[in-house]
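Protein chains in written order, with the working numbering: chain H, 5 to 285; chain G, 277 to 537.
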């Protein structure tokens with residue numbers, strides 16, 4: 005009774021594959037986003053995505069799966085930015101800005117030199133989740149398992165370092181190493197999501213569901229869990245929009261995430277916030 | 277043998293300690309010995325080296341000359357033995373942590389994997405919070421607490437950590453007088469349990485009454501000892517310059533009661 009709109013698309017194999025990827029992306033990015041929004045790392049996430057463009061193009065040229073080509077590059081970029089932030093005298097925003105704009109520019113120059121690359125620029129920039137292959141699904145699955153397990157294992161340490169990094173150093177934690185592990189996980193997750201959300205809008209799925217959850221939840225872990233639920237709602241809704249209205253998947257998911265954020269803003273003003281686990285400020 | 281016993285009694289021994297930051301000598305030939313079970317106030321002007329001294333004890337900056345021993349160990353070997361209560365401005369308050377989570381950090385090491393804690397750990401966390409009289413707020417957010425309560429949550433963290441040497445950096449900043457008294461009462465209890473406590477402060481009024489010893493720091497150690505004996509006007513001039521007239525009634529146990537006596 006009208007519900008066939010919801011499940012009918014999944015009778016196609018490609019839609020089922022897209023759904024898998026959408027769920028994984030919706031789960032993985034907000035999980036990291038919970039840290040990212042509280043540590044001012046949003047610009048860093050954006051930079052990792054943009055700076056991976058040359059690696060994506062090279063991957064396409066030599067015919068490797070673009071995710072596999074981009075991951076080592078993104079890890080190197082993330083660690084390089086992390087190193088520059090700790091050493092540079094020009095300020096972290098500036099250091100990040102210089103690296104990411106240069107690499108993004110290099111990526112476009114490469115694209116214009118090799119015009120016969122077998123992928124639309126638009127798909128790289130805005131995502132095309134409907135085109136994922138079986139191999140893409142497997143790679144995304146493996147990468148998200150790695151990301152989620154790492155976040156679980158180092159949950160306590162990441163929390164400590166994010167809240168009180170001097171205290172963590174004093175307690176004998178290896179703060180620099182933990183920060184690097186976090187940056188590596190962040191780049192892996194971002195690259196794994198590029199096909200669905202695209203370079204330009206990966207930031208949206210990284211921070212918007214997490215921010216929406218932070219608005220209404222009292223505790224950090226509560227916000228983490230609710231952020232994942234919001235993320236999955238946003239990515240799957242984006243997938244429907246993509247399927248029925250033929251929108252690119254990145255912008256569809258981004259606008260769905262924004263809608264979730266607005267709903268959170270409204271919820272904050274309702275009596276629901278008096279319930280124990282919700283934020284009361 | 278005698279030396280060894282002495283080191284056991286003295287928790288922190290600084291001998292001619294010099295620290296350079298950049299090209300500036302921030303600590304110059306600082307020497308003192310702090311005995312177990314004392315409450316020491318560290319006073320001095322801004323930029324006088326209080327925070328640097330703490331960072332040296334914590335092993336965060338390296339010593340150029342001289343030595344600093346914590347229970348006979350070098351600071352970087354003693355990491356984890358010292359409980360540290362940071363200045364509240366150093367913390368990332370965007371992070372919505374509860375009192376329970378802050379205290380959990382005290383028992384978080386490089387190898388404490390997965391987000392779960394054992395029953396024993398939970399018990400330790402509850403005990404530590406009850407020692408600072410905040411057990412009833414265990415699941416409340418620390419960013420929503422008052423300045424004094426925040427300091428007590430961080431004290432509980434050092435207790436869970438099992439530290440016997442506690443460093444408090446400017447613990448009174450942004451804390452009202454009532455809460456300062458409460459904090460001092462708790463510090464006294466902890467001291468009586470055998471903990472050694474160093475606290476940097478700008479409040480000279482409480483020093484004489486509530487602290488066992490005072491360490492006056494203005495790049496070098498101007499004075500160290502019983503606050504009622506060492507806080508002379510000469511020392512105050514050395515610490516704060518000629519503007520010390522405003523402190524003149526606070527020396528040698530007078531605490532400003534000159535008038536009408």
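Just so you know, even glycine gets a beta-carbon here, dropped at the ideal spot from N, CA and C.
Identified DSSP bridge partners for residue i
i, result
"residue 417 of chain G", "G:374"
"residue 291 of chain G", "G:343"
"residue 476 of chain G", "G:318"
"residue 361 of chain G", "G:444"
"residue 301 of chain G", "G:296"
"residue 349 of chain G", "G:346"
Enclosing alpha helix (DSSP H) for residue i [first to last residue]
i, result
"residue 278 of chain H", "That residue, residue 278 of chain H, is in no alpha helix (DSSP H); it is neither H nor E in DSSP."
"residue 407 of chain G", "395-407"
"residue 515 of chain G", "509-516"
"residue 49 of chain H", "46-55"
"residue 163 of chain H", "159-167"
"residue 326 of chain G", "326-333"
"residue 128 of chain H", "125-130"
Residue i - DSSP class collapsed to helix/strand/coil
i, result
"residue 500 of chain G", "strand"
"residue 14 of chain H", "helix"
"residue 355 of chain G", "coil"
"residue 555 of chain G", "Chain G is shown from 277 up to 537; residue 555 of chain G falls before or after that span and cannot be answered."
"residue 94 of chain H", "coil"
"residue 296 of chain G", "strand"
"residue 383 of chain G", "coil"
"residue 451 of chain G", "coil"
"residue 536 of chain G", "Confidence at residue 536 of chain G is low in this model, with a pLDDT of 42, below 50, so the placement of that residue should be treated as unreliable; the coordinate-derived value is given next. Three-state result, residue 536 of chain G: coil."
"residue 285 of chain G", "helix"
"residue 270 of chain H", "helix"
"residue 410 of chain G", "coil"
"residue 7 of chain H", "coil"
"residue 311 of chain G", "strand"
"residue 110 of chain H", "helix"
"residue 177 of chain H", "coil"
"residue 119 of chain H", "coil"
"residue 470 of chain G", "coil"
"residue 76 of chain H", "helix"
"residue 481 of chain G", "helix"
"residue 37 of chain H", "helix"
"residue 235 of chain H", "helix"
"residue 42 of chain H", "helix"
"residue 71 of chain H", "helix"
"residue 368 of chain G", "coil"
CB-CB length for residue i against residue j, believed under 8 Å
i, j, result
"residue 339 of chain G", "residue 441 of chain G", "About 18 Å; that fails the 8 Å criterion."
"residue 37 of chain H", "residue 255 of chain H", "Rounded, the Cβ-Cβ distance is 18 Å, inconsistent with contact."
"residue 240 of chain H", "residue 17 of chain H", "Going by Cβ atoms, the distance from residue 240 of chain H to residue 17 of chain H rounds to 17 Å, so no, they are not a contact pair."
"residue 357 of chain G", "residue 290 of chain G", "Incorrect: roughly 16 Å between the Cβ atoms, too far for contact."
"residue 69 of chain H", "residue 139 of chain H", "6 Å"
"residue 34 of chain H", "residue 235 of chain H", "4 Å"
"residue 133 of chain H", "residue 253 of chain H", "4 Å"
"residue 374 of chain G", "residue 223 of chain H", "6 Å"
"residue 447 of chain G", "residue 475 of chain G", "6 Å"
Delimiting residues of the beta strand (DSSP E) encompassing residue i
i, result
"residue 430 of chain G", "Where residue 430 of chain G is concerned, there is no enclosing beta strand (DSSP E), although the alpha helix (DSSP H) it sits in stretches over 423-437."
"residue 489 of chain G", "489-494"
"residue 221 of chain H", "That residue, residue 221 of chain H, is in no beta strand (DSSP E); it is neither H nor E in DSSP."
"residue 316 of chain G", "315-319"
"residue 134 of chain H", "Residue 134 of chain H -> no beta strand (DSSP E), and no H or E assigned at all."
"residue 443 of chain G", "441-444"
Distance cut-off 6 Å: residue i Cβ against heavy atoms of the ligand COA
i, result
"residue 216 of chain H", "With respect to small molecules bound, the structure shown includes none, and the ligand COA cannot be examined in it."
Given a limit of 8 Å on CB to CB distance, which residues of the stretch 357-372 of chain G reach chain H? 358, 360, 362, 366, 367, 368, 370, 371, 372
Can you give me, in chain order, the residues of the stretch 159-191 of chain H that have a beta carbon less than 7 Å from any beta carbon in chain G? 159, 160, 161, 163, 164, 166, 167, 168, 170, 171, 173, 174, 175, 176, 177, 178
For the stretch 83-104 of chain H, enumerate the residues whose C-beta is nearer than 8 Å to any C-beta of chain G, in chain order. none
Give, in chain order, every residue of the stretch 375-389 of chain G whose Cβ lies closer than 8 Å to some Cβ of chain H. 377, 378, 380, 381, 382, 384, 385, 386, 388, 389
Quick one: which residues of the stretch 223-247 of chain H get their C-beta closer than 8 Å to a C-beta of chain G? List them in chain order. 223, 224, 225, 227
Closer than 7 Å, Cβ to Cβ, to anything on chain H: give me those residues from the stretch 480-507 of chain G, in chain order. none
Using a Cβ-Cβ cut-off of less than 8 Å, give me the residues of the stretch 130-164 of chain H that come near chain G, in sequence order. 156, 157, 158, 159, 160, 161, 163, 164
Could you run through the stretch 389-409 of chain G and flag, in chain order, every residue whose CB is less than 8 Å away from some CB of chain H? 389, 390, 391
Interface residues of the stretch 42-62 of chain H facing chain G [CB-CB below 9 Å]: 42, 43, 44
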